[in-house]
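Protein sequences, first through last, are from chains Z and P.
All residue numbers for the first sequence refer to my numbering, where the first residue is 49 and numbers rise by one.
All residue numbers for the second sequence refer to my numbering, where the first residue is 149 and numbers rise by one.
Each residue gets a CB set at the ideal place from its N, CA and C atoms; glycine is no exception.
Below is one structure; the comments refer to it alone.
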Amino acid sequence: MIRPRMFRDRVAGRPVVAGVLALALSGAALAGCAAHRAAPAADDADGLPHTTVQVSLGRCGTGWSHPRSGVQVFDIHNASDAPTEVDLIDPRTQAVYGEVEGLGPGTTRPMQVTVGGGSYAFKCLPDDADAMTGGTVTVPGHAPAGPSAPAVSEQDVIPATIAYQKWIGGRMTVLAARAGVLKGDIDRGDLAAARRDWLTAHLVYETMGAAYDTFGAADGEINGTTAGLDGGVTDKDFTGFHRIEYGLWHGASAAALKPFAARLTADIGALRRSWPQARMDPLQMGLRAHEILENTVQFELTGRTDYGSHSNLATAAANLAGTREVLSGLRAQIAARYRALPQLDASLARLSGTLDGVGHGGHYPPLDDLSRTRREQLDAAADDAVERLADIAAIFDIRRTS
Amino acid sequence: MSDRMGRRWFLRGAAAAGIGTAAATTAALRPGQARAADAPPRTVPFEGAHQAGIVTPAPKAHATVAFDVTANDRAGLADLLRTVTDRARFLTAGGDPAPLGITAPPSDSGTLGPTVPADALSVTVGVGSSLFDDRFGLSGARPRRLRAMDSFPDDDLDPARCHGDLSLQLCADAPDTVLHALRDITRHTRGALQVRWRMDGYLAAPRPSGAPRNHLGFKDGTANPDASDARTMDGLVWVADNSGEPAWATGGSYQVIRLIRMRVEFWDRVSIVEQERMIGRRRDNGAPLDGDRESDAPRYPLDPKGDVIPLDSHIRLANPRTTATADQRILRRGYNYDNGTDSNGNLDMGLIFTCFQQDLDRQFVANQKRLAGEPLVDYVSPFGGGYFYALPGVTNRQDWLGRGLLAHA
């Protein structure tokens, strides 16, 4: 299962409200200090060359008068009266080498970058104002620059988000049908069939991970665990797939499970009816590309979400399929920005192959039945994948470009 | 806390509080340079014929981690060892982590601040016998004594906390430096390594002087051979050319790690006389029972029946100090561990016993056999650990840990 509370909100190309106020206040309070600290910092405690760069009304990134290559720090001071984002870019390609987000008025923040031979410019994106790019600075020599990528804007990800949202709509149809079969089994009193059909229904839901945040409270109702519930498995708010799982694998009667099955199909039906009106935040795409499998590592490969079915490995495989669905929509955008895409593909193939190696024809053993070697192989493959997917989330953090 | 540590921490505090950073940095280094001869230097050189962390002075924070290698093949193992070497080189020297801009999360965890201090970190890598199975084509390269750790009659081994393909010993001035290094190395080797077991430890301060005390309250390590004496180390610790070991192993050393639980509640219910007779030393100042000071050598020939130092006392069995047993001595590098509580509320604490030697059987195993059945066994219980071979050192910037081993046909 995936728990929305784990996911963090990020600033996605829209004005920050509360944060800006706080920064403006602290900026005013510290204005006296900041003026002193903005003085050219010679080579600092970090042992790196420092250059103080100014941002002021109508001017972006002045002060870089002695360009040199290598690892260095730009101490960026915002002398304007509004918070701003500052990027160091290649003005020809718009590739971003470094960024400082939410730089409050009167404050100075360091941007550490590896500068190579080539041309650079600072680009300022003040809140509620158009972007401006400062003068181009040419760094002599052929030293290699640090990693960079063109920023991803909301527009860049909207088509993939819409396509994904449609795909989720299709999955909901399948989910509703399979949950209906599960309900039919329980209503009929056929618990052996219910245990089988519980898994097929649940695995559909487990492929839909990038949409859970958009589902809102429905995700907890459909796929919540006992975490945070005082009464544990008997808590009145414990509903959905895991509640039914608990009953099916702990000797509950069909009669006892009937209301939970009815509730599940009703919750899924309501979600399905509301979905055409839902609008997924494009920010979710990059974020979930890594967080779906982060949840797999945290909740499935530890067995935390096992309420009796011992189906964590099947869930992990469904989560991987869900991750691949998100990535497939972003693929062209990733390829343009991420040099290690072949290694990411290989890593996901390794995880897929490792899961196939422990499952037989889609039937997976309980986690605890894996030998130590198998489990280490599986954990290693999943850990490798999340480490690489973290880069995708970083690159696909939605940024303003104009 | 000794004066030395107190002064160092004070200076760090001053730097953190923002007193002119450049000046504070310089000042913080000076006491390190002026410290007593037994104090570890702030930067432990990574390169050398032997790995650091074996005969270099033991700083107070420690972690021992055993890993299994999950790399698919020999090339993957070589990549892994090159990566561990690169990270160890950076971490032991300290410096600024690479900026990755918007293309990735930060390259460093930041737990040591923006600039990573060396902080006397050493990174010591060993290989276990399981690495020499059929996965990597290394079966012909195994050091001749290396095998899965023996189970001795007084052991109670938990398979989950024994053995491993690789051992990693991290030692530094502070626990956050050790944990930072562990996070960094595991992050960079994700996919190729999985932690098999781990134990953190610490070196107690001298109380009030001499060897640090273990959880039994006794000074531990008094009779250790002099690690600063190169000739002694050549005779006891390092594997030399023409020793019968594979050529790649020259400059390495057998590493024995034993996780030893100490039943401290039980021990605290034992009279002081009985405690001291089990160990063979006084508890207050560490002197052998036939001497006055910690530095006094026990004179066993004058006490042939063990009237003063019992024949079955720990120190007498472990090191009988005869000509015949002189080359059986081991170089210990132990750390106390403290690991929460047992299921019945007893304190889970003990010793990460680590020792290095030239010949596993001639030294550690011979000692261990002599100790079998000693009275102390009721109070200590080895439950984990492993035999490893500490790789030869990295001798230049192009070299990497295990290069010689991987070059072996």
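The Cβ atoms of P/Arg-425 and P/Pro-468 lie no closer than 8 Å to each other.
For Z/Tyr-260, no pairing in a beta bridge is given by DSSP. Contacts between P/Asp-267 and chain Z, judged by CB atoms closer than 8 Å, are missing: the closest CB pair is about 15 Å apart. Against chain P, the CB of Z/Ile-443 has a partner CB under 8 Å away; the residue lies at that interface. Contacts between Z/Val-161 and chain P, judged by CB atoms closer than 9 Å, involve Pro-247 and Gly-249 in chain order. Closer than 7 Å at the C-beta level to chain P, one finds these residues of the stretch 137-164 of chain Z: Val-144, Tyr-145, Gly-146, Glu-147, Gln-160, Val-161 and Thr-162. Identification of chain Z residues near P/Ala-252 by a Cβ-Cβ cut-off of 9 Å yields Pro-195, Ala-438, Asp-439, Ala-442 and Ile-443, ordered along the chain.
DSSP, read as helix, strand or coil, puts Z/Lys-214 in helix. For P/Gly-349, the enclosing beta strand (DSSP E) begins and ends at 341-350. At least one CB of chain Z lies nearer than 8 Å to the CB of P/Gly-339. The DSSP-derived three-state label of P/Gly-498 is strand. In the DSSP annotation of this structure, Z/Ser-400 is not part of any beta strand (DSSP E); the continuous alpha helix (DSSP H) holding it starts and ends at 389-406. In the DSSP secondary-structure assignment, P/Ala-211 is bridged to P/Leu-318 and P/Asp-348. DSSP, reduced to helix, strand and coil, places Z/Ile-292 within a helical segment of the structure shown.
For the stretch 209-229 of chain P, the set of positions with a beta-carbon nearer than 7 Å to some beta-carbon of chain Z reads Asp-216 and Thr-218 in chain order. Secondary structure note for P/Tyr-402: its beta strand (DSSP E) is the uninterrupted segment 401-410. Z/Asp-416 sits in a helix when the DSSP states are folded into three classes.
Taking a Cβ-Cβ cut-off of 7 Å, the neighbours of Z/Asp-427 in chain P comprise Gln-342, given in sequence order. Apart from the 5 residues on each side of it in sequence, Z/Ile-124 sits with its Cβ closer than 7 Å to the Cβ of Val-101, Val-103, Val-134, Val-148, Leu-151, Thr-156, Arg-157 and Met-159 in its chain, given in chain order. In this structure Z/Ala-380 is exposed. Its beta-carbon is surrounded by fewer than 16 other beta-carbon atoms within 10 angstroms. When rounded, the separation of the alpha-carbon atoms in P/Leu-248 and Z/Ala-302 is 56 Å.
Proximity of P/Asp-244 to chain Z, defined by a Cβ-Cβ separation below 8 Å, is satisfied. Contact of Z/Asp-329 with chain P is not assigned, every C-beta pair being separated by 8 Å or more. For P/Thr-263, the chain Z residues whose Cβ falls inside 8 Å of its Cβ are Ala-93, Asp-94 and Gly-95, in order along the chain. Interface criterion not met: the Cβ of Z/Val-222 is under 8 Å from no Cβ in chain P. Residues of chain P with a Cβ closer than 7 Å to the Cβ of Z/Glu-424 are, in chain order, Asp-216, Thr-218 and Gln-342. Listed along the chain, the chain Z residues whose CB falls inside 8 Å of the CB of P/Arg-335 are Glu-435. Z/Ile-216 counts as buried, since at least 16 other C-beta atoms from the protein chains shown sit within 10 angstroms of its C-beta.
When Cβ-Cβ separations below 8 Å define contact, Z/Val-119 makes contact with chain P. When DSSP states are grouped into helix, strand and coil, P/Phe-504 belongs to the strand group.
Listed in chain order, the beta strand (DSSP E) runs fully inside the stretch 206-278 of chain P are 209-217 and 270-276, counting runs of at least 3 residues. Taking CB atoms only, Z/Ser-113 has no neighbour in chain P less than 8 Å away.
Interface annotation, Z/Asp-431: in contact with chain P, CB-CB separation under 8 Å. Counting other Cβ atoms within 10 Å of its Cβ, Z/Pro-153 reaches 16 or more and is therefore classed as buried. Between P/Phe-284 and P/Leu-225 a beta carbon distance of about 5 Å is seen, short of the 8 Å cut, so the two are scored as contacting. A straight-line Cα-Cα distance of about 8 Å links P/Ala-514 and P/Leu-508.
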